[in-house]
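Protein chains in written order, with our numbering: chain G, 1 to 446; chain L, 1001 to 1446. For glycine and all other residues, C-beta sits at the position ideal for the given N, C-alpha and C.
Number of protein chains: 2
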Amino acid sequence: MAVKLNEKYLAGFVSEEEIRKVEKETAEAVQTIKNRNGAGNDFLGWIDLPVNYDKAEFEAIKKAAEKIKKSCDVFVVIGIGGSYLGARAAIEYIKSPLYNALAKDTPDIYFAGNTLSGTALDELLSICDGKDVCVNVISKSGTTTEPAIAFRVMREYLENKYGKDGARERIFATTDKEKGSLKYLADQNGYQCFVVPDDVGGRYSVLTAVGLLPIAVAGCDIDKLMKGAADAREAYNGKTGTDCERYAAIRNCLYRKGKAIEILACYHPFFTMTAEWWKQLYGESEGKDGKGIFPASVIFSTDLHSMGQMIQEGKRNIFETVVDIKSTGAKVAVPGDSENLDGLGFIAGQTLDSVNRKAFQATALAHCDGGVPNIVIEVDGKNEYEFGYLVYFFEMACAISGYTLGVNPFNQPGVESYKKNMYALLGKPGAENEERRKQLLARLGE
Amino acid sequence: MAVKLNEKYLAGFVSEEEIRKVEKETAEAVQTIKNRNGAGNDFLGWIDLPVNYDKAEFEAIKKAAEKIKKSCDVFVVIGIGGSYLGARAAIEYIKSPLYNALAKDTPDIYFAGNTLSGTALDELLSICDGKDVCVNVISKSGTTTEPAIAFRVMREYLENKYGKDGARERIFATTDKEKGSLKYLADQNGYQCFVVPDDVGGRYSVLTAVGLLPIAVAGCDIDKLMKGAADAREAYNGKTGTDCERYAAIRNCLYRKGKAIEILACYHPFFTMTAEWWKQLYGESEGKDGKGIFPASVIFSTDLHSMGQMIQEGKRNIFETVVDIKSTGAKVAVPGDSENLDGLGFIAGQTLDSVNRKAFQATALAHCDGGVPNIVIEVDGKNEYEFGYLVYFFEMACAISGYTLGVNPFNQPGVESYKKNMYALLGKPGAENEERRKQLLARLGE
């Protein structure tokens, strides 16, 4: 098992009896997922993805990645939400959060189309100057505002730089298999296409072409990634009494006892974007119908010097889930120093990672003493295999947890609200938009 | 006024009468700060810092920054908590979150000593390879574990590379003015020193040498930064009825009405680290005695596609504070496209920033409709002046808010808990450590 639950730091906060009660519900949820008869069951494609993926497309992804590696210095990935978080999380976890700054034989990778901030796109264009560029545009429909705008800008940039024929070889579209405006545009222009499956929601899409192409371009081994997920599927899918179900049970148990906030913590900066991916997965799956655990994240020991005080002694409405990565391969150790002015001589010669794991144990015990329960998820390492395993662990636990909470974990109706208002305020044609625009302007006093 | 409060999106959530009630308390807090007779009043040095700073040191900082710019490609800033968040926030806000990747005539800047993760330091060393390096080590005592370890590593690296004499010219220490192990080491080795004042806590230190040296090295105009803070001091210090006091009153009002989480939102990625700085400022100042608003942050519209669902329809225990930056100088606009397959023709020609501000209005209204009050803080621009102004706004509001909450906003007793356990588990010599070590190992079952 590459991923294991450690309940040592829950003692005194939640009893076995309390968990058992919730486990009756989580066991039902496991069954619901297995029988595919729950709410949102047309979005269960992620369950068998690690084994039932399109093998021909998988090979095409690898080939495209090789082509991209050879033909550019800068690879721009255009997508928002699930269309960028999974890939960015994987690349930072497996390679590095400093991936772009490190010496390597793969292109620099920038994520665009996830913001409407003008400076971000201005700066990206200046970075592209004088370099060879490829683009992967990821959008099921092709009409989501943020990526669509960025793609207009990057397509114009590539066509000005390489001509229409040159640009064609440098644009890769990940989109619907047959319909939608991006698919139409891609076919018309002859861009190579990859598929966003119909039965996999955005936040569950990292193991589809959405995530796999950028991850492969970064030089990660996507076979190992899928193997990790496949082994997790073998361990968790349709089974009760697993660590995965248990995580779902414990967090629901803590929520019912008034813990409204879950802080995902890890002691490595390379986990930062995995925590962001996790926030979408859990926040979007559970935050509805007036319910849901609020997902937050910290990187320790860094944030022990910012959020640490609040966690140790603030309002007791929180619990922590710590991802304890047991091995990273890092080499650096604390140097000796005969003068020992800083008083650290007693740890000279120890690797930083060994000091780091003591910091984790020390903190978990301190936070327990402060009234904050800690769920610990142990992960063996920081390679493709473990990342794939962890992704599936969190996905399955999220589905189980959502059903246990009593929501549909696979929809996101609330995401439309800002979009509708935005289209209206931007003056999108259409009677409904015009009516809404009038109402909104009146409320804004404009 | 470079910073203004906009209460348009609070209508219906909190009445003027309710705010007025809390304003009786915030007005008292303003007086307590002015009279310097509240808890933690030996840490009020930040109040007059924008005008009463050490002018000779300020000039020395500028000179050192010029020297550093000329003598290195990579500038490593070693510090944790307040000793890195302010500088990093300023550089990303004023310059860019992609500062290192952009073409420039100033060094790349990396922040170290804020984590015990081995990979982070391994990677930094590999980035330094073949480049000229300077180091700024920031620690009042010199014995805080994270920066002390990183400094051991970087000092060894510099001395191996440049010899003891060469390293001396490349190491800059920001530390206590006369005592502590780092001050002693620096004096012994002849490193240029800057001062961490006694009466300014870490999270309030961005306008001291702690923040100013790295900010100046990045090419920011620190005179303008101080001018912004000085004008904010003029506007807020000792005065009631200000927007600054009002922000403190409203957030306390919302907290008392059951809003346990404050989400700081901004529509620009360059604000990401300013939000992290804000989290330390508010979390560490208020999170004590079982109280405190839990500080979280998002970047929109990015995170509307991750946390948006939860904010729109989840548990109604949240409010948002949106930093609305009215002008960024960005130029990029939505390109025209005669085919208009993405349907965005109706915004062709508009700048992204104008679309972005509509997204803000659209979202604020949508979230209000979803039951989430929005405090809006309008900021004129993204230059040094506005950043300095905003820093002082948040610092003063935090002090007022902390007293209103009934805590000492200037201490952080809880931060010691993990450190004590960590020293014990790492086997630090001393009877107390040994006793604690035995107890902790028993609890860990080791």
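Query                                                                                                                               : Result
CB contact check: residue 119(G) to chain L, cutoff 9 Å                                                                             : yes
Bridge partners - residue 1379(L), DSSP secondary structure assignment                                                              : 1003(L), 1325(L)
Opening and closing residue of the beta strand (DSSP E) in which residue 401(G) lies                                                : Not the beta strand (DSSP E): residue 401(G) falls in the alpha helix (DSSP H), residues 384-405.
Buried versus exposed call for residue 1327(L) [16 or more other C-beta atoms within 10 Å across all chains shown]                  : exposed
Beta-carbon proximity of residue 228(G) to residue 386(G), cut-off 9 Å                                                              : yes
Simplified DSSP state of residue 953(L), which is helix, strand or coil                                                             : Since the first and last residues shown for chain L are 1001 and 1446, residue 953(L) lies out of range.
Delimiting residues of the alpha helix (DSSP H) encompassing residue 350(G)                                                         : Here residue 350(G) belongs to no alpha helix (DSSP H), and DSSP marks it neither H nor E.
Chain G within 9 Å of residue 1101(L), Cβ atoms only                                                                                : yes
Partner residues on chain G for residue 1153(L), Cβ-Cβ distance less than 9 Å                                                       : 332, 333, 334, 335, 352
Distance CB(residue 319(G))-CB(residue 262(G)) smaller than 9 Å                                                                     : yes
Reduced DSSP category for residue 1110(L) - H, G, I as helix; E, B as strand; rest coil                                             : strand
First and last residue of the uninterrupted beta strand (DSSP E) at residue 172(G)                                                  : 171-175
Residue-chain proximity (residue 1174(L), chain G), Cβ-Cβ < 9 Å                                                                     : no
Residue 142(G) to residue 1313(L) span [Cα, whole Å]                                                                                : 26 Å
Residue 1262(L) - containing beta strand (DSSP E), residue span                                                                     : 1261-1266
Strand pairing of residue 76(G), partner residues [DSSP]                                                                            : 110(G), 135(G)
Sheet register partners of residue 296(G) (DSSP bridge)                                                                             : 263(G)
Distance, residue 1196(L) Cα to residue 1159(L) Cα                                                                                  : 25 Å
Members of the stretch 139-151 of chain G that neighbour chain L once the beta carbon cut-off is set at 8 Å                         : 142, 143, 145, 146, 148, 149, 151
CB contact below 9 Å: residue 356(G) versus chain L                                                                                 : yes
Alpha carbon of residue 1351(L) to alpha carbon of residue 1282(L), nearest angstrom                                                : 34 Å
Reference residue 1294(L); option with closest CA among 1136(L), 1254(L), 1304(L)                                                   : 1254(L)
Residues near residue 1373(L) by beta carbon distance below 8 Å, same chain, minus five either side                                 : 1009, 1010, 1013, 1014, 1254, 1259, 1319, 1320
Cut-off 6 Å between Cβ atoms - residues of its own chain near residue 1348(L), not counting five sequence neighbours on either side : 1334, 1336
CB contact flag (residue 409(G), residue 234(G), <9 Å)                                                                              : no
Segment contact flag, the stretch 1131-1150 of chain L with the stretch 1112-1120 of chain L, C-beta cutoff 8 Å, min 3 pairs        : yes
Cβ-based neighbour list, residue 1436(L), same chain, cut-off 6 Å, excluding 5 preceding and 5 following                            : 1424
For residue 1172(L) and residue 1184(L), believed in contact at Cβ under 8 Å, the rounded distance                                  : Actually they do not touch by this definition, with Cβ atoms about 16 Å apart.
When 1439(L), 1037(L), 1052(L), 1022(L) are compared against residue 1230(L), the one with the closest alpha-carbon                 : 1052(L)
Member of 166(G), 77(G), 389(G), 84(G) whose CA lies at the smallest distance from the CA of residue 273(G)                         : 84(G)
Residue 1061(L) versus 1415(L), 1194(L), 1370(L), 1236(L), residue with shortest Cα-Cα distance                                     : 1194(L)
Sequence-distant residues of the same chain with beta carbon closer than 6 Å to residue 1384(L), five excluded per side             : 1094, 1220, 1221, 1224, 1225
Residue from 346(G), 371(G), 309(G) with nearest C-alpha to residue 338(G)                                                          : 346(G)
Residue 1248(L), buried or exposed, once every other Cβ within 10 Å from all chains shown has been counted against 16               : buried
For residue 1207(L) and residue 1189(L), the rounded distance between their alpha carbons                                           : 27 Å
First and last residue of the uninterrupted alpha helix (DSSP H) at residue 151(G)                                                  : 145-168
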